[in-house]
Amino acid sequence: MRTLLAAALVALALPTAAAAGPVLALRLGWAASAGDAARETPMSEVADGEIPIQLDAFWRFPPHWFGGVYYAYGFGRPSGAISDRCDALGADCSVWTMRVGAQLGYTFGELWRLAPWLAVGIGYEWTHEDASRGGLSGSQTLSGWEFVNVEGGADVKVSGKVSVGPYASFRLGQYSRLDGYGIPSKGVHQWYGVGIRARYDF
Numbered sequence: 004m005r006t007l008l009a010a011a012l013v014a015l016a017l018p019t020a021a022a023a024g025p026v027l028a029l030r031l032g033w034a035a036s037a038g039d040a041a042r043e044t045p046m047s048e049v050a051d052g053e054i055p056i057q058l059d060a061f062w063r064f065p066p067h068w069f070g071g072v073y074y075a076y077g078f079g080r081p082s083g084a085i086s087d088r089c090d091a092l093g094a095d096c097s098v099w100t101m102r103v104g105a106q107l108g109y110t111f112g113e114l115w116r117l118a119p120w121l122a123v124g125i126g127y128e129w130t131h132e133d134a135s136r137g138g139l140s141g142s143q144t145l146s147g148w149e150f151v152n153v154e155g156g157a158d159v160k161v162s163g164k165v166s167v168g169p170y171a172s173f174r175l176g177q178y179s180r181l182d183g184y185g186i187p188s189k190g191v192h193q194w195y196g197v198g199i200r201a202r203y204d205f
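Under the working numbering, the first residue of the sequence shown carries the number 4, and numbering increases by one thereafter.
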């Protein structure tokens, strides 16, 4: 009898795994670009940075896995040289990025409300540039596959269902189309990002 009672008390003291269910997460961060948008066209001539906002919709697979889809929109930052050129011409220039894709991740065991995680995914991305001056305007859109994105972070539980924590990311992609037409001399580019993620487990 004592043995059964002791086992029950130990079971109650151990943390229980969360049940399967949906997860929503919202991110805000900063990412810097590197590599080439096309051969002999560095990413710095398109956008050298962005402020991405990302929404994740995942499903939790106990005890550690999660997987689902994401959508991200980034407020791009033109390089200093491009900004100076736009200012010299009296033009308004802007850049935005957009990404959609799927990810699979793993959350490690929780320790003092801190739960490290890693995720890997694949997606598609767009980078759009606009320039206007007076009544004239022009734009171009680059698009292509994001071959892989790798992310890692740590969730700090602030309530029963809400966690907040930092993350870092690496993305590798290639633009294959410009305004719908194929790019003959493709390049490979990267994005390096950091930010904060808020997660809600239903």
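We put the beta carbon where it would ideally sit given N, CA and C, even for glycine. This one's a predicted model, so the numbers in the text were calculated from it and none came from an experiment.
Taken in chain order, the whole beta strand (DSSP E) runs of length 3 or more contained in the segment 45-84 are 52-64, 68-80. Apart from the 5 residues on each side of it in sequence, residue 182 sits with its Cβ closer than 7 Å to the Cβ of 143, 144 in its chain, given in chain order. Scanning the segment 140-177 from its first residue to its last, no whole alpha helix (DSSP H) run of 4-plus residues comes out. With fewer than 16 other Cβ atoms from the protein chains shown falling within 10 Å of its own Cβ, residue 25 counts as exposed. Its chain contains 21, 23, 24, 26, 69, 204 as the residues whose beta carbon lies nearer than 7 Å to that of residue 63, once the 5 sequence neighbours on both sides are disregarded; these appear in chain order.
Of all C-beta pairs linking the segment 114-122 to the segment 82-95, fewer than three are shorter than 8 Å, placing the two stretches out of contact. In the three-state DSSP reduction, residue 86 falls in the helix class (H, G or I). The DSSP-derived three-state label of residue 91 is helix.
Taking every protein chain shown into account, the CB of residue 39 has 16 or more other CB atoms within 10 angstroms, so this residue is buried. With fewer than three CB-CB distances shorter than 8 Å, the segment 158-170 does not count as touching the segment 126-141. About 5 Å separates the beta carbon of residue 200 from that of residue 30, a gap short enough to meet the 8 Å contact definition.
DSSP, reduced to helix, strand and coil, places residue 39 within a strand of the structure shown.
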